[in-house]
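Line by line, the protein sequences are chains W and D. All you need for the numbering used here is the position in the first sequence, starting with 1, plus 2. Quick note on numbering: the numbering used here labels position 19 of the second sequence as 17, and the sequence is numbered without any gaps. Single-structure report; data block below.
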Amino acid sequence: MIAFSIFFALVLLGALLTLYRLLRGPTVPDRVAALDILNVIVTGSIVLFSLIDKNSLFLDIALVYAALSFLETVVVARYLEGRK
Amino acid sequence: MIILDILGYTLVSIGAVFYFLGGLGMVRMPDIYNRLQAGTKATTLGSFSLIIGVGLINPEWLLKAIIIVLFIAITNPVGSSVIARAALKRGIVPLTSAERREEDIGSSGGGDGK
């Protein structure tokens, strides 16, 4: 279906632009912020994939991925804050 | 349920567009705080729209979709705020508007006179 290709192309463009900032970012918090945004985009694309595959199992995977990515963001940010 | 399908696909396309805009904001913005603002707000709205849209297309998934959306609504601003605090404590000062104007003039090569 052509609509799904357009949705995935837009999501992939957003992910690629974020990945550019993740690789290129001048400071370390830039990279952490880019990783946070990239995790949200990956969560959304897992949900979109569950729509295409018609399999509701991927929604559980998206929920667990969102929980783990939030934990990762908080832990890395706390680590950056502590180290001067 | 053709109405729910139309509404759901519209919401999914709005969400995909907002994901793209979030990525664009991450590249175009000049500063870590501006980047956090652009990226986090756009992707939060995109997630709401896309996941609720998927839940409307398949109404039996709506409960799980709402749970994921609530989780993202709670965690995404918290993560953004924690990153901004870490950046501030590491000594990255926010750009003032005068610096930003100079940077804009410098990056455009003085081509347009405004």
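From the three backbone atoms N, C-alpha and C, an ideal C-beta is built for every residue, glycine too. Computed from a predicted structure; not experimentally measured.
- Here the alpha carbon of W/S47 sits roughly 33 Å from the alpha carbon of D/K87.
- For W/I63, the enclosing alpha helix (DSSP H) has its first and last residue at L59 to G84.
- Straight-line spacing of the CA atoms in D/L54 and D/S45 works out to 14 Å.
- With a threshold of 7 Å between beta carbons, D/T94 makes no contact with chain W.
- Taken in chain order, the members of the stretch 51 to 73 of chain D whose beta-carbon sits within less than 8 Å of a beta-carbon on chain W are V52, I55, N56, E58, W59, K62, A63, I65, I66, F69, I70 and T73.
- D/G37 is positioned such that its CB atom lies closer than 7 Å to that of W/I39.
- Under the Cβ criterion of 7 Å, W/S58 is counted among the residues facing chain D.
- Looking from the CA of D/T42, the closest CA among D/S78, D/I90 and D/A85 belongs to D/S78.
- Less than 7 Å separates the beta-carbon of W/A36 from that of W/L24.
- Neighbours of W/L82 in chain D, taken as residues whose beta carbon is under 7 Å from its own, are A84 and R88 in chain order.
- Taking a cut-off of 8 Å for Cβ pairs, the stretch 24 to 33 of chain D and the stretch 0 to 11 of chain D do not touch, as fewer than three such pairs fall below it.
- Distances from the alpha-carbon of W/A64 to those of W/L73, W/A79 and W/V44 put W/V44 closest.
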